[in-house]
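Q: Under the working numbering, think of the first position of the sequence shown as 0, with each following residue one higher.
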Amino acid sequence: MIAVVLVGGEGTRLRPLTLDEPKPVLPIGGVPFVSLLLDRLAAAGVTKVILSCGYLPDRLRAAVVSAPAGIEVEVVVEDEPLGTAGAIRFAAVGRVDGPFLALNGDVLGDADFGALVAAHHAAGAVASIGLTPVDDPTRFGVVVHDAQGNVERFVEKPPNADGLGPAPWWVNAGAYVLDPSVLDLIPADRMVSIEREIFPELVGRGLICVHSDGYWRDIGTLESFLTANADAVAGRVHTRLGGADAAILVDGSARVDADAVLIAPVLIAAGAVVGAGARVGPDTVIGEGATVGPNATVQGSVLLAGAQVAADAHVERSAIGRNALVGERAHVLDSALGTDQAASAGEHLTGERRPA
Ligand code: GTP
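#1: Could you please give me the residues that DSSP links to residue 217 through a beta bridge?
#2: So is the beta-carbon of residue 140 under 6 angstroms away from any non-hydrogen atom of the ligand GTP?
#3: Looking at residue 243 and residue 251, is the spacing between their C-beta atoms short of 7 angstroms?
#4: Between which two residues does the alpha helix (DSSP H) containing residue 87 stretch?
#5: Would you tell me roughly how many angstroms separate the C-alpha atoms of residue 136 and residue 258, rounded to the nearest one?
#6: If you drop the 5 nearest sequence neighbours on each side, which residues of the same chain put their C-beta closer than 6 angstroms to that of residue 260?
#7: Verify the contact flag: residue 5, CB atom, against every heavy atom of the ligand GTP, threshold strictly below 6 angstroms.
#8: What is the DSSP secondary structure of residue 346, reduced to helix, strand or coil?
#9: What does the Cβ neighbour count give for residue 339, buried or exposed, with the cut at 16 atoms within 10 Å?
#10: At 4 residues or longer, and completely inside the stretch 120-199: list those alpha helix (DSSP H) runs for me, N to C.
#11: Please name the residue, chosen from 185, 155, 189, 30, that lies closest to residue 287 on a Cα-to-Cα basis.
#12: Is the beta carbon of residue 360 sitting closer than 7 angstroms to the one on residue 7?
#13: If you draw a straight line from the C-alpha of residue 129 to the C-alpha of residue 54, how long is it?
#14: Going by the beta-carbon positions, is the gap between residue 33 and residue 23 smaller than 7 angstroms?
#15: Given 8 angstroms as the limit, is there contact between the stretch 222-237 and the stretch 175-195, that is, 3 or more CB pairs closer than that?
#16: Would residue 190 pass as a contact of residue 50 if the rule is Cβ separation under 7 angstroms?
#17: Using DSSP with H/G/I as helix, E/B as strand and the rest coil, what is residue 34?
#18: Quick one: is residue 10 near chain C, going by C-beta distance under 7 angstroms?
#19: Going by DSSP, which residues form a beta bridge with residue 307?
#20: Quick check on residue 97: buried or exposed, where buried means 16 or more other Cβ atoms within 10 Å of its Cβ?
#21: According to DSSP, is residue 246 helix, strand or coil?
#22: Is residue 51 helix, strand or coil by DSSP?
#23: When the Cα atoms are used, what is the spatial distance from residue 75 to residue 116?
#24: So what does DSSP say about residue 370, is it helix, strand or coil?
#25: Can you give me the Cβ contacts of residue 154 inside the same chain, cut-off strictly under 7 angstroms, excluding the 5 residues immediately before and after it?
#26: Within the same chain, show all residues whose beta-carbon is closer than 7 angstroms to that of residue 125, passing over the 5 residues directly before and after it, in chain order.
#27: Could you give the distance in angstroms between the alpha-carbon of residue 94 and the alpha-carbon of residue 0?
#28: Looking only at DSSP bridge pairs, what is residue 298 linked to?
#29: If we count the other Cβ atoms within 10 Å of its Cβ and call it buried at 16 or more, is residue 92 buried or exposed?
#30: Taking a contact to mean a Cβ-Cβ separation below 7 angstroms, would you say residue 253 touches residue 271 in this structure?
#31: Hey, would you say the C-beta of residue 345 is under 6 angstroms away from at least one heavy atom of the ligand COA?
#32: Between 256, 300, 295, 147, which has its C-alpha nearest residue 265's C-alpha?
#33: How is the beta strand (DSSP E) around residue 2 delimited, first residue to last?
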């Protein structure tokens, strides 16, 4: 089985974290997200992954150098963004000769791709869309379908659930199986969205959808990125981290002062340092080589590699970028600092997103 994975987007909603790193390279539990996705594809029996890149492709290339055994990764780079369908076409033409998986490269999940593939074959479908249930449909593309899974219509980001039937609502999970004939429907050399342009054209012509109820979260906003990290550490999604609700995962090379308090679920990665009197957790990841100074508190947050939180600072529901600095006594709430950015000593930030 071949999988085309879309990783070319700029991740604008996650700026400034994505100013110098594509979203799929950002860490979940200290591991580049794309590596967790490759784990999952290997487990589903995928043997070749075509990474459809555009934005900062070299960072992706570097991140997939050590792919899981049995998976070959080919990196394909667009000169300009082609949209989800255009990117699939550009990556797949000449490289697939049968039904293939196509995935958004920013969804943390553990549903079985094998089940989607099996349903596609069993139905003799032209295209199959994996669905996930949500309680609030307003941020998603709702897929209205009959009891047999035949897609009837799409409702993109509805303002409310009026006319959509009872909860839960089933939304496009960003995982598809496509027959190569779908590629012929995608115009070349311009931006084309598979959700908005191609799937609507296939309604009534072999387009089915398949329910799956495993963990599912796209990591595209600050809130969902933080939640995805917390869920991985807490084991709410199955990953190589082997997390659990009560997990206090401390790498052997990290140094945690005896007077620091760690509150589960929490992960302290290799080479990280936590000072005396610091309180770290719950729902927190301290990345490789990051430091939390004496008496600082960090909760519901992610420190990327090399980030520093100085003494007496407070970080809550925030992401602190690579080598970024939160100065002494600073308070950072619901904010994201990008690589090398800083909150000055004593500064208070709430809901802050700094440009470059
Ligand atoms: P935002 O700018 O925050 O919306 O993020 P994004 O650029 O990642 O867009 P979105 O979340 O809609 O994209 C879903 C997935 O498709 C992500 O994994 C993107 O990397 C990928 N993607 C989106 N547009 C393109 C594109 O034009 N080319 C390629 N190759 N991938 C794309």
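Quick reminder that beta carbons are idealized off the backbone N, C-alpha and C, glycines included.
A: From the atom records:
#1: To locate residue 217, count along the sequence shown from 1; it is residue 218. Answer is 106.
#2: The residue labelled residue 140 in the question sits at position 141 within the sequence shown. Flag unset: Cβ of residue 140 not near the ligand GTP.
#3: Here residue 251 refers to the residue found at position 252 when the sequence shown is read from its first residue. Here residue 243 refers to the residue found at position 244 when the sequence shown is read from its first residue. Their beta carbons are not under 7 angstroms apart, which means residue 251 does not touch residue 243 by this criterion.
#4: On the sequence shown, position 88 is the one that residue 87 refers to. Note, residue 87: alpha helix (DSSP H), 82-91.
#5: Numbered from 1 along the sequence shown, position 137 holds the residue referred to as residue 136. Numbered from 1 along the sequence shown, position 259 holds the residue referred to as residue 258. If I take the Cα positions, the gap works out to 45 angstroms.
#6: Taking the first residue of the sequence shown as 1, we reach residue 260 at position 261. Excluding residues within five positions, the ones whose Cβ falls inside 6 angstroms are 278.
#7: The residue labelled residue 5 in the question sits at position 6 within the sequence shown. Residue 5 Cβ: within cutoff of the ligand GTP.
#8: By one-based count along the sequence shown, residue 346 stands at place 347. Residue 346 falls in the coil class under three-state DSSP.
#9: Against the sequence shown, residue 339 aligns to sequence position 340. The residue in question, residue 339, is exposed, as its Cβ has fewer than 16 Cβ neighbours within 10 Å.
#10: none
#11: Along the sequence shown, one-based indexing puts residue 287 at 288. Nearest option by C-alpha distance: 30.
#12: Since the first residue shown for the chain is 0 and the last is 355, residue 360 is missing from the structure and cannot be characterised.
#13: Against the sequence shown, residue 129 aligns to sequence position 130. Against the sequence shown, residue 54 aligns to sequence position 55. Those two C-alpha atoms are separated by around 26 angstroms.
#14: For the purposes of this step, residue 33 is taken as the residue at position 34 of the sequence shown. For the purposes of this step, residue 23 is taken as the residue at position 24 of the sequence shown. The answer is yes: Cβ separation under 7 angstroms.
#15: no
#16: To locate residue 190, count along the sequence shown from 1; it is residue 191. To locate residue 50, count along the sequence shown from 1; it is residue 51. Not in contact: residue 190 and residue 50 (Cβ atoms no closer than 7 angstroms).
#17: As a position in the sequence shown, residue 34 is number 35, starting the count at 1. In this structure, residue 34 counts as helix in the three-state DSSP scheme.
#18: Absent from the structure: chain C. Only one protein chain is present.
#19: On the sequence shown, residue 307 is found 308 positions in, with the first residue counted as 1. Beta-bridge pairing links residue 307 to 290, 324.
#20: For the purposes of this step, residue 97 is identified with residue 98 of the sequence shown, where counting begins at 1. That one is exposed.
#21: Position 247 of the sequence shown holds residue 246. Residue 246 falls in the coil class under three-state DSSP.
#22: Here residue 51 corresponds to residue number 52 of the sequence shown, with the count starting at 1. Residue 51: strand per DSSP, three-state reduction.
#23: Taking the first residue of the sequence shown as position 1, residue 75 is located at position 76. Taking the first residue of the sequence shown as position 1, residue 116 is located at position 117. When rounded, the distance between both Cα atoms is 23 angstroms.
#24: This structure cannot settle anything about residue 370, because the visible part of the chain is limited to 0 through 355.
#25: Position 155 of the sequence shown, counted from the first residue, corresponds to residue 154. Taken in chain order, the residues that qualify are 141, 143, 163.
#26: Reading the sequence shown from its first residue, position 126 is the one you call residue 125. So the list reads 178, 180, 181, 201, 204, 205, 206, once near-sequence residues are dropped.
#27: One-based indexing of the sequence shown puts residue 94 at position 95. One-based indexing of the sequence shown puts residue 0 at position 1. So the alpha carbons of these two residues sit roughly 12 angstroms apart.
#28: Residue numbering aside, residue 298 sits at position 299 when the sequence shown is read from its first letter. Residue 298 pairs with 315.
#29: Within the sequence shown, residue 92 is the residue found at index 93, counting from 1. Under this definition residue 92 is an exposed residue.
#30: As a first step, residue 253 must be located in the sequence shown, where it is residue number 254. As a first step, residue 271 must be located in the sequence shown, where it is residue number 272. Contact: yes.
#31: No copy of the ligand COA appears in this structure; the ligands present are the ligand GTP.
#32: In the sequence shown, the residue the question calls residue 265 occupies position 266. Cα-wise, what sits closest to residue 265 is 300.
#33: Counting from 1 along the sequence shown, the entry for residue 2 is found at position 3. 1-5 is the extent of the beta strand (DSSP E) around residue 2.
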